Each structure stands twice: as C-alpha cells, then as structure tokens.
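In what follows, a structure is listed as structure tokens, so that the remarks can point back to it.
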Amino acid sequence: MVLKFTVILLLLSTCDGYFIDKEFEWKYVKYLEAEVVDEWIDRLNTFDETKNTLRLARKLGEELQSDDDYEKFFDHILQFNKNYETEEELSFRFEVIKNSLKDIEKRQETNPEAQYGLTELSDLTKEEFFEFYANLQMKDLEDFPLIEDNPESNVTAKLMAPASFDWRTAKKVSGVKDQKRCGSCYAFAAVAAIESIHAIKRGQLYDLSAQQAVSCTFGNVNHGCQGGVPDNVMSYFTTHGITTWDKFPYVSGDHQQIPPCTPKPSVTKLNRIGILKAHDENGIKETVFNNGPVVSGIDASALQHYRGGIVHHQVGKPSLNHAVLTVGYGSERGDDYFIIKNSWGRGWGEGGYFRCGRNRNDMNIALYNVAAYI
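Positions -17 to -1, 1 to 357 (mature numbering (1 follows the signal peptide of the UniProt record, and there is no 0)) are the ones given, in order, by the sequence shown.
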C-alpha cells in the first residue's frame, strides 16, 4: 500500500486527470497537501459543480477521524456528479450517506439474493426519496375487493403461460425513462403500459408523452409532481388520444412545474382498462403473457440502494408508494421473480429495471395491477 501511495504522489504531478481518476484512492486525500489535492481535482474530467463539491469534501476529510465512510462519500460525489453548494449541505449529505450505508448493510444481510450499495439516490433522506421518487397516491386498499367485483376488471388467460417470458425480447417495451425529482411515477408507468399494448396490438412502438399524462390529469384526478394514480391516467386515455414524447416533451422533472394541457396530434388511445384481482400473482403472470405488460403498484422502500438481483421484501402492511411496469417473469436457481421496468433512468438498478420476488407478495406486488386494452 505504501508503494502505491508513493506512485500516486508521483502521478499527481505528471499524469493527466483521467488516469489519476482510475488509480486514486480517496482514503489518502487527508494525507496530501490541500494544494496537491485541489490540483488533482482541477484535472478531473467532470463538471465544475462537481469539482467544487469535491473541494468542499476535501476540507471535510481533514476533520474526520475515520476513513471508510468518507472514502465512500468522496467516491459517491464523483461517480454521480453531485453538486453540494455549501459546507453545511455537504456535511448534511455526508450524514445521510452514513445512514444509507447502515441501511445497505442491513438490507444486504436480510436479502442476499439482491445487491445493495450506494446509488444516485443514496444521498436523499427517506422523506426526500419518497417525495421525489415514490409518491404514488393510492386509494384505500381496503376498497380493492369491491373493484374485483367489476366483471371487466378480471382477466381470464387465453393460453397457459410458459415458465418464463419477457416482452423486451419481442421489442415491445420502450426505453427506460427518468422521472427525475418529480413524483410522477404514476404517469410514467401508465404511459409505458400504453406504449407496450399499442406495440403488441398495432405493431408500432412509440415513445409516448408522460408530460401529457401529468399535465392533462393535473388538478382533476391527479396531483402533478405530488403524486397520482395510474388508473386515472389510463382512464383519461380511453377518452382522449395520447401524443408522442417529442410533441409534448417531459419538463416537470427539471423544475416541478406543470405546463398546461394543450391539444397535440394523437397516435393512439385505449379501449378500456382492467384492474386485476388482488393477491393473485399467477393472474399477473398470465395477464402479462396473454395481453401485455401491466402497471403494478409496489412499496419501493427496498429500492433506494438497489443495484441488482432479486428483491425479497415483506412489507408487513398494505402500503403502496410507487408505480412501475411489469414486463415479464422468470426464475433463477428456483427463485421466481417478476421483471419490472422502473422510471429512474438507465443508470439505476439493472439497466433501469429490477427483479421482484414472485409468489410471496414481495414489495406488495400482488395488491394493485392494471392492464391496458386496445
């Protein structure tokens, strides 16, 4: 380790920032002269805001007694281009990261089938995480059995579903989107279902407008960036056509403002929707195979630090706070799972997807599922 440290000191004065970036170990920052570290930061191939944050972090590192958490925090800033403008904010986020590391350790211990670690969302408090990324505003779950009495809500499978299936292999699922800091998961999940059912039934895969879904149901049945319900969006698009992403691009994630609902050229609309029977994961599997991807409500508590694998999370109460799209299912070494498309960008999870345990109501996946029909 001493030899590597000496080599690093030499590299700091002779090599470009990119190579140093690959070799540098953050635990040594506190042993270097401030000017040397700042020179290294200047050479990094990253944003100016991130460099300023790293300089603040260097100062914080000089005050710490322990290396481990600081090393991970410094790496987190650089990896995810974090921008903390003041020492107060940086110190606060460092405390959040330390709490996240404790949560990661617990989740990894209880769910070894998944991989947990620091993600772009790990510097958010729990309250911030749920406000921005998991803000589904569901109806009272005790009312769900009444919905099941609707004959159009129950879907009968036409064919026996195979052991595994994935609509992505048939190219019937659009690319992963990013809702950003707006509680609009309900809109992204609903629109993703419309994209897929149109591709399956009509042969054209569009990127449809999540912004239209947010704007045109805002203040009526949904709440913009403060959450909403997917079936409200889907019901809206049974009487109104939906346009493409480029005709009505998504902007609410940047500033949490909701542009007005304005008429745009329509490319498709739904015929009806169907809310699946609760507590029937085999029914979800059969509906996904026979009809197409379904919108699923879940409890996303286990996803803030998720990096891969199969999530097994028994919630213990009927809570739903996030909407996603179930696009397939499978099994890994006897461990059954659903394949689920998220709306937190392609850099999160398994390329923007995650796998949820199947047949145990993991993440409350069996409580609320909605199918789209054209």
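Think of the CB as a built atom: it goes at the ideal place given N, C-alpha and C, for glycine as much as any other residue.
Bear in mind the structure is a predicted one, so any value in this text is a computation, not a measurement.
Keeping to the same chain, check which residues put their C-beta closer than 8 Å to that of Asp345; ignore five residues upstream and five downstream. Translated into positions along the sequence shown, residue 345 becomes position 362. Val294, His295, His296, Gln297 and Cys339, listed in sequence order.
Three-state secondary structure (DSSP) at Trp331? By one-based count along the sequence shown, residue 331 stands at place 348. Reduced to three states, the DSSP call for Trp331 is coil.
Do Ile258 and Ala354 have their C-beta atoms within less than 9 Å of each other? The residue labelled residue 258 in the question sits at position 275 within the sequence shown. The residue labelled residue 354 in the question sits at position 371 within the sequence shown. Cβ distance < 9 Å, so Ile258 and Ala354 count as in contact.
Test item: CB-CB of Tyr189 and Trp228 under 9 Å: Residue 189 sits at position 206 when you count from the first residue of the sequence shown. Residue 228 sits at position 245 when you count from the first residue of the sequence shown. At the C-beta level, Tyr189 and Trp228 come within 9 Å of one another.
Skipping 5 residues on each side, what residues in its chain have a beta carbon closer than 8 Å to that of Gly334? Working through the sequence shown from its first residue, we reach residue 334 at position 351. Result list for Gly334: Val159, in chain order.
Let me know if Asn28 comes out buried or exposed under the rule of 16 or more other beta-carbons within 10 Å of its beta-carbon. Here the question's residue 28 lines up with position 45 in the sequence shown. It is exposed - the Cβ of Asn28 has fewer than 16 other Cβ atoms within 10 Å.
From the DSSP output, in three-state form, read off Asp345 for me. For the purposes of this step, residue 345 is identified with residue 362 of the sequence shown, where counting begins at 1. Residue state, collapsed to three classes: helix.
Close beta carbons around Ser287, own chain, < 6 Å, minus the five adjacent residues each side: Mapped onto the sequence shown, residue 287 falls at position 304. Before going further, note that residue 287 is Gln rather than Ser in the sequence given. So the qualifying residues of the chain are Leu104 and Phe112.
Among residues of its own chain, excluding the 5 on either side of Thr178, which ones have a beta-carbon nearer than 8 Å to its beta-carbon? Residue numbering aside, residue 178 sits at position 195 when the sequence shown is read from its first letter. The sequence shown places Glu at residue 178, rather than the Thr named in the question. Cβ within range, chain order: Val156, Ser157, Leu188, Tyr189, Asp190 and Leu191.
Counting only runs of 4+ residues fully inside the stretch 205 to 243, write out the alpha helix (DSSP H) ranges in chain order. Secondary structure within the stretch 205 to 243: the alpha helix (DSSP H) runs of 4 or more consecutive residues, fully enclosed, are 213 to 222 and 235 to 238 (chain order).
Given a threshold of 16 other Cβ atoms within 10 Å of its Cβ, counted over all protein chains shown, does Arg185 qualify as buried or as exposed? Here residue 185 corresponds to residue number 202 of the sequence shown, with the count starting at 1. Counting Cβ neighbours within 10 Å, Arg185 comes out exposed, since fewer than 16 surround it.
Sort out for me which residues DSSP pairs Leu308 with in a bridge. On the sequence shown, residue 308 is found 325 positions in, with the first residue counted as 1. DSSP lists Val278 and Lys324 as partners of Leu308.
Within 10 angstroms of its Cβ, does Lys154 collect 16 or more other Cβ (buried), or is it exposed? The residue you call residue 154 lines up with position 171 of the sequence shown. Sixteen is the threshold: since fewer than 16 other Cβ atoms of the shown chains lie within 10 Å of the Cβ of Lys154, the residue is exposed.
Rounded separation between residue 360 and His305 - CA only: What the structure shows of the chain is the stretch from -17 to 357, and residue 360 is not part of that stretch, so it cannot be assessed.
State buried or exposed for His238, treating a residue as buried only when at least 16 other CB atoms are found within 10 Å of its CB. Locating residue 238 in the sequence shown gives position 255, counting from the first residue. Burial call: exposed.
Take the Cβ of Glu32 as the centre, count every other Cβ of all protein chains shown within 10 Å, and call the residue buried at 16 or more, exposed below. As a first step, residue 32 must be located in the sequence shown, where it is residue number 49. With fewer than 16 Cβ atoms within 10 Å of its Cβ, Glu32 is classed as exposed.
Please state whether DSSP places Asp31 in a helix, a strand or coil. What you label residue 31 is simply residue 48 of the sequence shown in a count that begins at 1. DSSP places Asp31 in helix when its eight states are reduced to three.
Presumed contact (8 Å Cβ cut-off) between Phe220 and Ala193, rounded CB distance: What you label residue 220 is simply residue 237 of the sequence shown in a count that begins at 1. What you label residue 193 is simply residue 210 of the sequence shown in a count that begins at 1. Their Cβ separation, rounded to whole angstroms, is 12 Å, which puts Phe220 and Ala193 out of contact at 8 Å.
Please classify Cys339: does DSSP put it in a helix, a strand, or coil? In the sequence shown, residue 339 corresponds to position 356, counting from 1. Of the three classes helix, strand and coil, the one that applies to Cys339 here is strand, per DSSP.
In or out: Ala196 buried (at least 16 other Cβ within 10 Å) or exposed? In the sequence shown, the residue the question calls residue 196 occupies position 213. Answer is buried; the Cβ neighbour count reaches 16.
Output the distance between the C-alpha atoms of Tyr336 and Arg329, rounded to the nearest integer angstrom. Taking the first residue of the sequence shown as position 1, residue 336 is located at position 353. Taking the first residue of the sequence shown as position 1, residue 329 is located at position 346. Distance between the alpha carbons of Tyr336 and Arg329 is about 8 Å.
Where does Ala349 land, buried or exposed, given buried means 16+ other C-beta within 10 angstroms? Counting from one through the sequence shown, the residue named residue 349 turns up at place 366. Answer is buried; the Cβ neighbour count reaches 16.
Would you mind working out which of Ser235, Ile225 and Trp331 sits nearest Pro248, comparing C-alpha positions? Taking the first residue of the sequence shown as position 1, residue 248 is located at position 265. It is Ile225 whose Cα lies nearest to the Cα of Pro248.
Terminal residues of the alpha helix (DSSP H) in which Ala355 lies: In the sequence shown, counting from the first residue as 1, residue 355 sits at position 372. It is not in any alpha helix (DSSP H) - Ala355 instead sits in the beta strand (DSSP E) that spans Asn352 to Tyr356.
Which residue's Cα is closest to the Cα of Cys208: Ser167, Asn215 and Tyr233? For this step, residue 208 is matched to residue 225 along the sequence shown. Considering only alpha carbons, the answer is Ser167.
Grab me the residues of Thr108's own chain with a C-beta within less than 7 Å of its C-beta, minus the 5 sequence neighbours each way, in chain order. Taking the sequence shown and counting its residues from 1, one reaches residue 108 at position 125. Val79.
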